[in-house]
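Taking it in order: structure first as structure tokens, then the write-up.
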Amino acid sequence: MEDKSIIESIQLKIDELEQKPDVLLYKSLVNALGALKGAYNINDKKQANALVTPGNTVPIGEPGGISNKMKVASILKEAGHFLHMREIVERAIKKEPNEDEKVVTKRTQQAVYSLKSDKVIVSYQVGEGNLNIFWGSKAWVDSEGSIKKEHTYNENQLSGRMKESIEI
0 MEDKSIIESI
10 QLKIDELEQK
20 PDVLLYKSLV
30 NALGALKGAY
40 NINDKKQANA
50 LVTPGNTVPI
60 GEPGGISNKM
70 KVASILKEAG
80 HFLHMREIVE
90 RAIKKEPNED
100 EKVVTKRTQQ
110 AVYSLKSDKV
120 IVSYQVGEGN
130 LNIFWGSKAW
140 VDSEGSIKKE
150 HTYNENQLSG
160 RMKESIEI
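Numbering (numbering that gives the first Met the number 0), first residue to last: 0 to 167.
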């Protein structure tokens, strides 16, 4: 049986089990499907979407789900341009509508900072204040440190507040 047929037959069995679930078999098939897709580098939108088991959400791709860093990376890649933290968080919340928004926000922010420390993404600060920081791929910045035109941030996301100069 060729690889594609194996994947299709596993997916059919998963679809059957959704109707009359055998949770252990279901989970093992979902994990096997994820491993096969990973082994053959099959990347499609289903990988980021979740299959719902009775009482559980098991994302395709990895046992236990895709990491928060992968979610942030996919959000940035889908956007194709620098995003403000609030934009990344809004998109993450939309991808996980059944999760508590505060939990998704915290996980997403931690993933962004972790990706930056791993040097996977870079931040770009507009102006002097910390309110206008945008995040994106290091490939979206030229050798002088400026954002390439095709990857520029949405100017509507700029905060109108400026850094205050306070003297005592």
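By construction, the Cβ of each residue, glycine as well, lies at the ideal position given by its N, Cα and C atoms.
Cβ neighbour criterion (16 or more within 10 Å) applied to residue i
{"i": "Lys-137", "result": "exposed"}
{"i": "Ser-120", "result": "This sequence places Ile at residue 120; Ser is not what is there. Buried, because 16 or more other Cβ atoms sit within 10 Å of the Cβ of Ile-120."}
{"i": "Asn-155", "result": "exposed"}
{"i": "Val-111", "result": "buried"}
{"i": "Ile-167", "result": "exposed"}
{"i": "Gly-135", "result": "buried"}
{"i": "Gly-54", "result": "Its pLDDT being 39, under 50, Gly-54 is placed unreliably in this model, and the coordinates cannot settle the point."}
{"i": "Asn-42", "result": "At Asn-42 the pLDDT is 48, less than 50, meaning the model places this residue with poor confidence and gives no usable figure here."}
Residue i to residue j span [Cα, whole Å]
{"i": "Pro-96", "j": "Lys-70", "result": "14 Å"}
{"i": "Thr-104", "j": "Ala-72", "result": "15 Å"}
{"i": "Ser-113", "j": "Lys-93", "result": "21 Å"}
{"i": "Phe-81", "j": "Ile-6", "result": "36 Å"}
{"i": "Lys-76", "j": "Ile-87", "result": "11 Å"}
{"i": "Arg-90", "j": "Lys-148", "result": "23 Å"}
{"i": "Ser-66", "j": "Asn-131", "result": "26 Å"}
{"i": "Tyr-152", "j": "Gln-10", "result": "39 Å"}
{"i": "Gln-108", "j": "Val-102", "result": "10 Å"}
{"i": "Asp-141", "j": "Arg-106", "result": "29 Å"}
{"i": "Gly-144", "j": "Ser-122", "result": "10 Å"}
{"i": "Ile-74", "j": "His-150", "result": "14 Å"}
{"i": "Lys-12", "j": "Glu-98", "result": "28 Å"}
{"i": "Gly-79", "j": "Trp-139", "result": "9 Å"}
{"i": "Ser-4", "j": "Glu-100", "result": "39 Å"}
From the options, residue whose alpha carbon lies closest to that of residue i
{"i": "Met-84", "options": "Lys-115, Val-140, Ser-66 and Ser-8", "result": "Lys-115"}
{"i": "Asn-129", "options": "Lys-148, Lys-101, Ser-158 and Leu-11", "result": "Ser-158"}
{"i": "Lys-118", "options": "Ala-78, Glu-143, Lys-68 and Thr-107", "result": "Lys-68"}
9 Å Cβ cutoff, residue i in contact with chain D
{"i": "Glu-77", "result": "Of the protein chains in this structure there is only one, and it is not chain D."}
**Asked** Unbroken beta strand (DSSP E) runs of length 3 or more, entirely within the segment 63-118: which are they?
**Response** none
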